[in-house]
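What follows is a single structure, written as structure tokens, with notes after it.
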Amino acid sequence: MKRSLPLIASVCLLWPGGAQLFGQAATPKPDDPNGHAPAISVERVLAVSGQGYFPVALRMRDGRIAVVHRGGGGHLTIHGRLDMIFSSDEGKTWTKPTVVVDSPIDDRNPAFGEADDGTLVVGFWKTATYDEQDHYNPKLDKEKSTWVTRSQDAGKTWSEPTPIDCADIGIGSPFGHIIALPDKSLLMAIYGFALRPAGEKRDPERLHSYVYRSTDRGQTWSRLSEIPGPKEQLSETSLLRLPSGKILAAVRTRGDEMLESESTDDGRTWSTIHALAPRGILPADLTLLPDNRVLITMGNRIGPYGVVGIVGDAEGKFDWSKRFALVTDAFNRDCGYPSNVVLSDGRVLTVYYATKANDQPAWKMHAGAVFFRPPAP
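See below:
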């Protein structure tokens, strides 16, 4: 173990980085400066302090809400680990963090889901690509690997991590919610370099988004498909399965845009990718609401910094002009990564991170939890 738990932490993904309608091939202004949106009524609490980068929230089958996030250090440090917090009162209060995984190198970039039997599954990436001064340098010839750990006792203990074979895509970084299909298989979005024929050199600057599948409740994984992106470098991808069976994918580009694709065959093939939001609105989380409309929340790195949301229709079409603001006081662009859970009263809980909160001076690096009622149709 690198250190005991109560230290500073932060959770992060490596690659920082629209159209009016999600699901249509409209072309937005790529540098639209208008990130402003009308605010809606929200309540907010502090979920975890001193850490909280890249949270992924999940409603467990026992009714509690769990959030996996990065702990152990700052945005980039070899001391990173993955921690988890829990809430038993619909997000009003949170437990102290407990360790999910803490290897001798940097554990980061979690994806989180639950199998049909209640097994919790966390995919993650770890790397040793830091120099002697703990400066991140991805060009160093050091370990980069993809792993999965599981809990069969509701997060009390976690299995010894096992590797996921992502050697042919280099990075292999998971993201977002691991989703379950009716056949009990699981899908997880993992981004990495473009595939190359055997013996051909891989382009270290070109990222693609892949979907991996598990048929044994998250123990083992294999690559199922690639989300097409003609000229885009694709990375962090949010997945959501609709009642119709269609799967939506909201995909971040390395150029800090949000794009979308959809699959009608359980993730085996994907539609041509289309624009979703202006540059600087990223990354996203997709959530099915009780009335079958689809909520998308996204980090706002245009300003005011924080989190924005849009409620789309039942097929996941979103109108950018109907966006609303959930968080507007993040200190800088290093913020966002929202993750949503629907509450028992129909409201939504969105967990996000920020390095500081301008309206809450005592909140330094933190993950916050925002409560709101989605706008009516």
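Using the numbering used here, you'd call the opening residue of the sequence shown number -11 and step up by one each time. For glycine and all other residues, C-beta sits at the position ideal for the given N, C-alpha and C. Here the structure is a predicted model, which means the values were calculated and not measured.
- The segment 54 to 73 makes contact with the segment 89 to 105, as at least three CB pairs between them are under 8 Å.
- Here Ile53 carries a strand assignment [DSSP, helix/strand/coil].
- Spanning the alpha carbons of Ile290 and Thr338 requires a straight line of approximately 19 Å.
- Beta-bridge pairing by DSSP links Arg96 to Trp113.
- Comparing C-alpha distances from Thr241 to each of Gly268, Leu230 and Ile235 shows the shortest one belongs to Gly268.
- In the structure shown, Lys132 adopts extended strand secondary structure according to DSSP, grouped into three states.
- Counting only residues of its own chain and dropping the five nearest sequence neighbours on each side, Thr252 has a CB closer than 6 Å to the CB of Lys234.
- At the C-beta level, Ser197 and Val239 come within 8 Å of one another.
- For Glu214, the uninterrupted beta strand (DSSP E) run begins and ends at Ser210 to Ile215, by DSSP.
- If you check the CB distance, Leu277 and Val330 come in under 8 Å.
- Nearest Cα to Ala364 within the set Tyr340, Arg335, Leu128 and Val358: Arg335.
- Close CB contacts of Phe319 within its chain, under the 8 Å cut and outside five residues either way in sequence, are with Tyr293, Ala342, Thr343, Lys344, Ala345 and Asn346 (chain order).
- With fewer than 16 other CB atoms across the displayed protein chains lying within 10 angstroms of its CB, Gln121 is exposed.
- In this structure, Asp71 sits near Val88, with a CB-CB distance shorter than 8 Å.
- In the three-state reduction of the DSSP assignment, Ser309 falls in the helix class.
- Per DSSP, the continuous beta strand (DSSP E) segment holding Ser249 begins and ends at Met246 to Ser251.
- For Gly51 and Asp119, the gap between their C-alpha atoms comes out near 43 Å.
- DSSP places Asp333 in the coil class of the three-state scheme, outside both helix and strand.
- The residue among Asp244, Lys144, Arg47 and Leu230 with its C-alpha nearest the C-alpha of Glu224 is Asp244.
- Minimum Cα-Cα distance from Pro266 among the listed residues Gly287, Val36 and Gly217 corresponds to Gly287.
- According to DSSP, Ala345 shares a beta bridge with Ala318 and Gln348.
- Counting along the chain, the unbroken beta strand (DSSP E) around Ser197 starts and ends at Leu195 to Ser202.
- Tyr200 sits away from Ile157, with the two beta carbons spaced by 8 Å or more.
- Annotation for Ser75: Arg52, Ile53, Thr81 and Trp82 place their beta carbon closer than 7 Å to its own, counting only its chain and skipping 5 residues before and after.
- Spanning the alpha carbons of Ser133 and Ala116 requires a straight line of approximately 9 Å.
- Inclusion of Arg311 and Gly206 in the CB contact set at 8 Å is not warranted, their separation being larger than that value.
- Ser147 places its beta carbon 8 Å or farther from that of His354.
- Contact annotation, Ala313 with Ala27: C-beta distance approximately 4 Å; criterion of less than 8 Å satisfied.
- Remark: C-beta atoms of Asp273 and Thr285 approach each other more closely than 8 Å.
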